[in-house]
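Before any comments, here is the structure.
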Amino acid sequence: MQDIINNLPKQAKDKHNENKKFFQKLKKKPPKNLDYVMQELHENEFERTDCLECANCCKTTGPLFTNKDIERISKFFRIKSQQFIEHYLRIDEENDFVLQRVPCTFLGADNYCSIYQVRPKACREFPHTDRKKFQQISNLTLKNVAICPAAFNIVEEMKKRIK
Numbered sequence: 257m258q259d260i261i262n263n264l265p266k267q268a269k270d271k272h273n274e275n276k277k278f279f280q281k282l283k284k285k286p287p288k289n290l291d292y293v294m295q296e297l298h299e300n301e302f303e304r305t306d307c308l309e310c311a312n313c314c315k316t317t318g319p320l321f322t323n324k325d326i327e328r329i330s331k332f333f334r335i336k337s338q339q340f341i342e343h344y345l346r347i348d349e350e351n352d353f354v355l356q357r358v359p360c361t362f363l364g365a366d367n368y369c370s371i372y373q374v375r376p377k378a379c380r381e382f383p384h385t386d387r388k389k390f391q392q393i394s395n396l397t398l399k400n401v402a403i404c405p406a407a408f409n410i411v412e413e414m415k416k417r418i419k
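Letter by letter, the sequence shown follows residues 257 to 419 of this note's numbering.
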């Protein structure tokens, strides 16, 4: 798995222009069944992919934390929201709450998440490949294929299925 993760940024960079053109076409004229195709591709890929073998998303990027995320996680830790913010988060250039540093503070050496049951919405939905109106998040997907081997595989399969 580590070899795949190590090669992923280069592979994503090599496919970037091809993927960008594909997504531009997809945005202009998305197939009527796109949501169903994406759901199927996502499910098929995650039957083969074990995130616990990888956890590259947790090691290299940090999620956005919504106010609901902060409330839920603070409650889990039995601390006030402000204490959670001060201890774990910072405000980024887009005025969003993000982790102070990566890899994620809550990621264990075994790739398990210590707050899995209350993890942020962004973590629960990553890599967003089963999202409805998938064509609307093409910029995010272009970034995610360089981080997530499953997202990379889903996009490659998608290009074969949708002409």
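Using N, Cα and C, we set each Cβ at its ideal position, and we do this for glycine too.
Residue 354 by DSSP, collapsed to three states: which one? Against the sequence shown, residue 354 aligns to sequence position 98. Strand, per DSSP.
Give me, in chain order, the residues of the same chain whose beta-carbon lies closer than 7 Å to that of residue 327; leave out the 5 immediate sequence neighbours on both sides. The residue labelled residue 327 in the question sits at position 71 within the sequence shown. Within the same chain, residue 327 has close Cβ partners 337.
Could you name the residues that DSSP lists as bridge partners for residue 347? If you number the sequence shown from 1, residue 347 lands on position 91. Answer is 353, bridged to residue 347.
Is the stretch 366-380 in contact with the stretch 306-320, if contact means three or more CB pairs nearer than 8 Å? Per the Cβ contact rule, the stretch 366-380 is in contact with the stretch 306-320 (3 or more Cβ pairs under 8 Å).
Quick check on residue 369: does DSSP put it in helix, strand or coil? Along the sequence shown, one-based indexing puts residue 369 at 113. Under the three-state reduction of DSSP output, residue 369 falls in the strand class.
Taking Cβ to Cβ, would you say residue 390 is nearer than 8 Å to residue 291? For the purposes of this step, residue 390 is taken as residue 134 along the sequence shown, with counting starting at 1. For the purposes of this step, residue 291 is taken as residue 35 along the sequence shown, with counting starting at 1. Contact: yes.
Short Cβ contact (8 Å threshold) for residue 344 with residue 361: Translated into the one-based positions of the sequence shown, residue 344 becomes position 88. Translated into the one-based positions of the sequence shown, residue 361 becomes position 105. Yes.
Rounded to the nearest angstrom, what separates residue 307 and residue 356 at their Cα positions? To locate residue 307, count along the sequence shown from 1; it is residue 51. To locate residue 356, count along the sequence shown from 1; it is residue 100. Looking at the two C-alpha atoms, the distance is approximately 23 Å.
Residue environment, residue 319, which counts as buried when at least 16 other CB atoms sit within 10 Å: As a working note, residue 319 is residue 63 in the sequence shown. Buried is the call here.
Using 8 Å as the threshold, is the C-beta distance between residue 297 and residue 397 below it? The count along the sequence shown starts at 1 and reaches residue 297 at position 41. The count along the sequence shown starts at 1 and reaches residue 397 at position 141. No, the Cβ-Cβ distance between residue 297 and residue 397 is not below 8 Å.
What is the DSSP secondary structure of residue 332, counted as helix, strand or coil? One-based indexing of the sequence shown puts residue 332 at position 76. Here residue 332 sits in helix by DSSP.
To which residues of the same chain is residue 341 closer than 8 Å at the C-beta, ignoring the five residues directly before and after it? Within the sequence shown, numbered from 1, the residue matching residue 341 stands at position 85. Only 326 and 353 meet the Cβ criterion.
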